[in-house]
Amino acid sequence: MEDGHMREKCETLEHETENLRQFICGVIEGFYGRPWTTEQRKDLFRKLKKLGMDSYMYAPKDDYKHRAYWRELYTVEEADHLSSLITAAREAGIVFYYALSPGLDMTYSSQKEIATLKRKLDQVSQFGCDGYALLFDDIESELSKADKEVFQTFANAQVSVTNEIFTHLGSPKFLFCPTQYCASRAVPTVVDSEYLNTLGSKLNNEIDILWTGDKVISKVITIESIREITEVLRRPPVIWDNLHANDYDQKRVFLGPYTGRSPELIPYLRGIMTNPNCEFYGNFIAVHTLAFWSRCSMDSKMNSSLSADIKLETENEDDLPVECLSKNVYHPRLALKNAINDWLPEFFVEKEAWGPIAKPQPQVEMVMPIIPIIPSINTCMTLTTTTTTSTNSRTVPEVNTTQLQALADVCSTVSSTLTPISNPVMNSLVSPTKVVTNDEIINPIPTTVASNIELPKKIPISIVPAPIMETKSVEETIKLTCEIFEPLLENNKDESVEKREQVANLNVDTMLDEPSLSPGINEPMECSSSVNSQISPKEASKLVTDDVIMEESANDINSMNVESPSSSPQSSAEMQEPGELEDLLVKTTMDRKKITLDDLSFLCDLFFLPFEHGSRGLKLLTEFQWLKVNANVLLQDRIVGPDATKAIKPEVSEWLQRAELFGKMCGGVQELLLKISYCKNKEICHDLYSYVWDISGAVSLLNGYVKWLALGQFPPNMATYTEGSYTWFSKGWKEAFMSGEQEPWVFRGGLTADLQRLMPVDSGNDLFVYKLPEQPTANYYLLRPYQSSDESDVNKICTRTYLQWQSEQDEDEILMPAQLIDIVADVLVGAHLVLHPEFCLVAYDKSDSIVGYACAALDVNVFMRDTEICWLTELREKYPKDLLDIITNGSSSKSQKVIARFVESVHSKVDEACPPEVCGSFPAVICAATLREAEQYDNGITKRMLTVLLAALRANGCFGVHARVPDHDREQLNFYTKIGFIEIYRDDDKKNIYLGRRF
Numbered sequence: 001m002e003d004g005h006m007r008e009k010c011e012t013l014e015h016e017t018e019n020l021r022q023f024i025c026g027v028i029e030g031f032y033g034r035p036w037t038t039e040q041r042k043d044l045f046r047k048l049k050k051l052g053m054d055s056y057m058y059a060p061k062d063d064y065k066h067r068a069y070w071r072e073l074y075t076v077e078e079a080d081h082l083s084s085l086i087t088a089a090r091e092a093g094i095v096f097y098y099a100l101s102p103g104l105d106m107t108y109s110s111q112k113e114i115a116t117l118k119r120k121l122d123q124v125s126q127f128g129c130d131g132y133a134l135l136f137d138d139i140e141s142e143l144s145k146a147d148k149e150v151f152q153t154f155a156n157a158q159v160s161v162t163n164e165i166f167t168h169l170g171s172p173k174f175l176f177c178p179t180q181y182c183a184s185r186a187v188p189t190v191v192d193s194e195y196l197n198t199l200g201s202k203l204n205n206e207i208d209i210l211w212t213g214d215k216v217i218s219k220v221i222t223i224e225s226i227r228e229i230t231e232v233l234r235r236p237p238v239i240w241d242n243l244h245a246n247d248y249d250q251k252r253v254f255l256g257p258y259t260g261r262s263p264e265l266i267p268y269l270r271g272i273m274t275n276p277n278c279e280f281y282g283n284f285i286a287v288h289t290l291a292f293w294s295r296c297s298m299d300s301k302m303n304s305s306l307s308a309d310i311k312l313e314t315e316n317e318d319d320l321p322v323e324c325l326s327k328n329v330y331h332p333r334l335a336l337k338n339a340i341n342d343w344l345p346e347f348f349v350e351k352e353a354w355g356p357i358a359k360p361q362p363q364v365e366m367v368m369p370i371i372p373i374i375p376s377i378n379t380c381m382t383l384t385t386t387t388t389t390s391t392n393s394r395t396v397p398e399v400n401t402t403q404l405q406a407l408a409d410v411c412s413t414v415s416s417t418l419t420p421i422s423n424p425v426m427n428s429l430v431s432p433t434k435v436v437t438n439d440e441i442i443n444p445i446p447t448t449v450a451s452n453i454e455l456p457k458k459i460p461i462s463i464v465p466a467p468i469m470e471t472k473s474v475e476e477t478i479k480l481t482c483e484i485f486e487p488l489l490e491n492n493k494d495e496s497v498e499k500r501e502q503v504a505n506l507n508v509d510t511m512l513d514e515p516s517l518s519p520g521i522n523e524p525m526e527c528s529s530s531v532n533s534q535i536s537p538k539e540a541s542k543l544v545t546d547d548v549i550m551e552e553s554a555n556d557i558n559s560m561n562v563e564s565p566s567s568s569p570q571s572s573a574e575m576q577e578p579g580e581l582e583d584l585l586v587k588t589t590m591d592r593k594k595i596t597l598d599d600l601s602f603l604c605d606l607f608f609l610p611f612e613h614g615s616r617g618l619k620l621l622t623e624f625q626w627l628k629v630n631a632n633v634l635l636q637d638r639i640v641g642p643d644a645t646k647a648i649k650p651e652v653s654e655w656l657q658r659a660e661l662f663g664k665m666c667g668g669v670q671e672l673l674l675k676i677s678y679c680k681n682k683e684i685c686h687d688l689y690s691y692v693w694d695i696s697g698a699v700s701l702l703n704g705y706v707k708w709l710a711l712g713q714f715p716p717n718m719a720t721y722t723e724g725s726y727t728w729f730s731k732g733w734k735e736a737f738m739s740g741e742q743e744p745w746v747f748r749g750g751l752t753a754d755l756q757r758l759m760p761v762d763s764g765n766d767l768f769v770y771k772l773p774e775q776p777t778a779n780y781y782l783l784r785p786y787q788s789s790d791e792s793d794v795n796k797i798c799t800r801t802y803l804q805w806q807s808e809q810d811e812d813e814i815l816m817p818a819q820l821i822d823i824v825a826d827v828l829v830g831a832h833l834v835l836h837p838e839f840c841l842v843a844y845d846k847s848d849s850i851v852g853y854a855c856a857a858l859d860v861n862v863f864m865r866d867t868e869i870c871w872l873t874e875l876r877e878k879y880p881k882d883l884l885d886i887i888t889n890g891s892s893s894k895s896q897k898v899i900a901r902f903v904e905s906v907h908s909k910v911d912e913a914c915p916p917e918v919c920g921s922f923p924a925v926i927c928a929a930t931l932r933e934a935e936q937y938d939n940g941i942t943k944r945m946l947t948v949l950l951a952a953l954r955a956n957g958c959f960g961v962h963a964r965v966p967d968h969d970r971e972q973l974n975f976y977t978k979i980g981f982i983e984i985y986r987d988d989d990k991k992n993i994y995l996g997r998r999f
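Start counting the sequence shown at 1; every next residue gets the next number (my numbering).
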């Protein structure tokens with residue numbers, strides 16, 4: 001019995017070894033959008049060889065002659081490039097599968113069409129190709145009238161053509177992609193699909209069939225599902241894996257590890273090929289971890305849940321079970337760690353990149369849905385009728401995606417009726433380093449990726465009450481361990497001790513869980529597990545930009561500056577010669593610009609996987625949510641009089657400490673952006689920069705809002721105005737996101753969009769659409785509330801932008817006399833700065849120079865009254881009526897006109913009231929400006945300032961804002977129009993136009 005058991009075991013191992021030897025493992029270039037270049041493909045072959053992978057499929061959907069013009073033969077130049085690719089693959093030991101997609105417009109019964117197909121593939125065979133594929137995915141499943149006369153079914157037509165081509169080519173390695181290529185597209189089911197059963201029974205058994213799993217993008221692929229499709233197809237499938245594909249979303253690139261598929265699947269499969277990100281240099285992790293996976297035979301049981309993998313991100317390798325460290329056991333975190341280690345050197349290989357930064361994904365016309373914030377009081381912002389909803393009795397809306405497309409991205413939103421548009425014709429076979437676009441050739445094929453995006457009919461989403469932080473004693477709140485500050489440099493041990501003392505009263509060992517989502521129950525806010533469980537010690541010390549460090553050292557009057565011997569001037573600076581010191585400073589600066597392993601780990605966390613955010617990405621979400629819903633504790637600390645020096649309450653201290661930590665995390669994103677912009681490998685930089693730039697803008701919004709919240713300038717019932725319905729923290733949202741039951745394009749925008757959705761601004765989708773910088777830049781802009789010390793800078797910006805607006809495009813700027821340089825700013829923005837500084841925001845660059853401002857007042861009529869009483873009185877003394885007579889000498893006629901206009905406005909009585917047509921729905925008034933040169937670097941800076949300002953107004957119960965602009969001031973009208981304001985009223989008597997927007 002024992003010998004028989006051993007013999008059976010050996011035979012099983014022999015069988016598995018045979019399967020492994022035949023196992024196809026490689027990469028499909030099968031996405032929509034800009035193809036890879038010839039040189040990138042050759043680089044891929046070298047990497048595949050190094051990683052022990054064996055296959056590559058050439059199938060770029062939008063390459064010129066793969067799909068749209070599949071009938072056309074290659075020119076001599078194109079043939080040279082394709083031939084060189086096939087040769088390079090052969091030399092690397094890689095099977096080159098040449099794929100065609102003729103199904104969009106092929107007549108299967110036409111012998112002429114079949115002859116054309118044979119001629120095209122015969123040409124490729126002359127280049128030495130020994131692997132082929134016919135792809136019939138993403139096409140209509142109806143036969144043409146001519147084909148119906150010959151074939152009974154669609155499957156019969158495809159089988160007939162494929163078998164004939166396979167025989168004609170001499171039975172080579174051959175792959176076939178069916179029209180029903182996943183379980184969700186099988187009609188009616190996998191087992192009962194006539195189409196799939198026909199393929200199984202009639203397609204040549206030597207032809208391998210591609211399969212994507214249960215979905216187009218499958219979160220998990222199980223052995224049971226593979227057994228089912230194997231039985232139907234009568235052969236094991238080759239998995240076309242779209243886990244890392246990002247051609248459906250311009251805001252997401254996937255840098256997480258290969259996961260959701262156990263290596264125990266390998267004996268049941270013919271192979272796995274990944275169809276990864278459109279960005280070639282964004283695929284190192286995807287390919288590397290798949291290669292690691294393919295060499296394993298067992299799966300870590302911890303991989304049964306992706307949430308378990310998130311937890312492991314914060315654990316030491318020593319904490320992992322022994323079996324996880326075995327070479328034949330696959331664990332995603334270890335695979336990711338190994339991939340990051342091997343990826344880092346790529347960033348230091350000097351490579352140039354040509355042209356401006358452009359997203360490679362295809363363009364899709366999209367309808368912007370309204371994703372409303374539903375207030376819990378009687379306002380005009382409800383969806384249908386206006387009702388009052390109590391905190392304890394809340395209706396749970398069921399999102400109908402055909403009405404709201406409620407789960408669509410706030411940045412680039414899909415609807416249930418997408419309008420496909422044609423991509424430009426692209427050719428990747430005429431240049432070794434570029435993809436050439438030919439606008440003169442019409443692409444007859446619309447972007448069918450759009451038509452394949454389907455939204456579920458209904459997804460239940462509930463309104464989440466804002467959990468309030470429970471007041472606890474100091475002893476109860478000491479739950480935060482101080483490990484987050486441990487990895488500081490040895491010469492900063494004293495500072496580390498000080499930091500531990502500063503955070504001793506924090507309570508962050510909580511996480512937003514299901515009980516805290518119950519309507520009507522005010523539980524302690526538990527948005528996150530402890531800081532040290534989500535962020536490593538190394539991260540805590542690194543997530544700080546130069547600006548943050550400088551700001552803290554300048555502004556924190558309570559901090560203790562401890563000089564250790566290693567950091568004292570005598571022990572370092574004075575021991576260096578001047579030249580050596582300068583070289584040391586330059587080297588230190590350059591070192592700060594170099595990307596590190598921890599930076600790459602952070603990058604992967606921000607852009608993880610289709611159904612999962614990385615741990616530090618989740619940390620950004622949960623910390624901001626906690627700060628937003630618990631900001632009311634700041635109102636408890638408004639103490640005046642003799643008790644003003646009373647110690648800060650523990651809950652207030654906790655809020656401020658967590659706000660500081662959140663600021664550092666946001667600073668880490670800015671630092672990551674800088675390091676990528678300085679990256680020596682400009683091809684990597686071009687591929688990744690746009691994504692980090694997007695999320696950098698999102699976190700600058702959140703951090704700006706947190707800084708405004710810290711002022712405490714909001715009412716106690718703020719949550720009734722700002723509580724959102726459709727965010728990551730809405731009951732059912734993250735569960736639906738992580739379940740894998742919906743295709744990931746339902747939740748468009750990824751972490752970037754989830755962060756933006758947390759801003760309490762409704763109907764603000766246009767505020768999150770920014771033009772990308774054409775080239776990577778180290779210039780970035782942050783937001784913060786206005787300070788009194790900013791007055792001079794704001795005045796200068798106000799004056800400069802106004803005079804630029806008044807100057808003709810072909811003329812020089814108007815120059816003002818020095819003694820009257822502030823008159824413009826005093827009239828336009830001065831009252832805002834004096835009367836309502838709490839609603840003033842500024843944008844500043846990395847050198848802390850202000851480049852823009854946005855100011856507002858909640859009630860325009862009250863503001864006008866107060867301006868007349870408190871501000872214009874001073875201005876009338878400062879700028880008397882006879883001022884023009886005094887300054888006529890030495891000033892230009894244009895400047896005199898400007899001065900005359902403002903002197904007249906100072907001495908004119910303020911309009912009695914804003915037109916009721918305006919103040920009724922748009923009660924707030926705004927004044928904003930941004931330097932032109934700043935907008936050239938960052939087109940979205942004004943929109944981001946406006947977003948934070950609108951959120952601040954909304955927190956105070958205001959839902960509409962306007963700006964009054966003279967009808968002749970075209971530049972100023974254009975400025976407000978670009979940021980989403982529309983004309984709401986025209987005063988012909990006073991020649992003013994009122995522009996407004998709701999939020």
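We put the beta carbon where it would ideally sit given N, CA and C, even for glycine.
In the DSSP assignment, find the unbroken alpha helix (DSSP H) run with residue i in it and report its ends.
i       : result
His-907 : 893-907
Glu-654 : 650-677
Phe-176 : It is not in any alpha helix (DSSP H) - Phe-176 instead sits in the beta strand (DSSP E) that spans 173-177.
What separation, rounded to the nearest whole angstrom, lies between the Cα atoms of residue i and residue j?
i       : j       : result
Leu-709 : Ala-719 : 12 angstroms
Glu-346 : Leu-603 : 15 angstroms
Gly-996 : Thr-942 : 16 angstroms
Asn-338 : Arg-944 : 38 angstroms
Thr-116 : Gln-126 : 16 angstroms
Thr-289 : Glu-228 : 27 angstroms
Ser-653 : Phe-607 : 32 angstroms
Pro-332 : Thr-259 : 6 angstroms
Thr-801 : Glu-741 : 51 angstroms
Grab the span of the beta strand (DSSP E) containing residue i for me, first residue to last.
i       : result
Leu-783 : 781-785
Ala-928 : 924-930
His-962 : 960-966
Ile-984 : 982-987
If residue i and residue j are in contact, beta carbons under 8 angstroms, what's the gap, nearest whole angstrom?
i       : j       : result
Leu-113 : Thr-153 : Checking the displayed sequence, the identity of residue 113 turns out to be Glu instead of Leu. About 18 angstroms separates the two Cβ atoms, so there is no contact after all.
Tyr-689 : Arg-954 : Going by Cβ atoms, the distance from Tyr-689 to Arg-954 rounds to 32 angstroms, so no, they are not a contact pair.
Glu-29  : Ala-59  : 6 angstroms
DSSP state of residue i, grouped into three classes?
i        : result
Asp-793  : helix
Cys-685  : helix
Ala-710  : coil
Ala-857  : strand
Ser-777  : Residue 777 is actually Thr in this sequence, not Ser. In the structure shown, Thr-777 sits in coil (DSSP, three-state: anything other than H, G, I, E or B).
Met-759  : coil
Asp-1000 : There is no way to answer for residue 1000, as the model of the chain reaches only from 1 to 999.
Ser-995  : According to the sequence shown, residue 995 is Leu rather than Ser. Of the three classes helix, strand and coil, the one that applies to Leu-995 here is strand, per DSSP.
Glu-142  : coil
Tyr-132  : strand
*Give, in chain order, every unbroken run of the beta strand (DSSP E) that is at least 3 residues long and sits entirely within the segment 212-263.*
The DSSP assignment places complete beta strand (DSSP E) segments of no fewer than 3 residues inside the segment 212-263 at 238-241, in order along the chain.
*Where are the beta strand (DSSP E) runs, 3 residues long or more, that stay fully inside the segment 37-124, in chain order?*
Runs of the beta strand (DSSP E) inside the segment 37-124: 55-58, 95-100.
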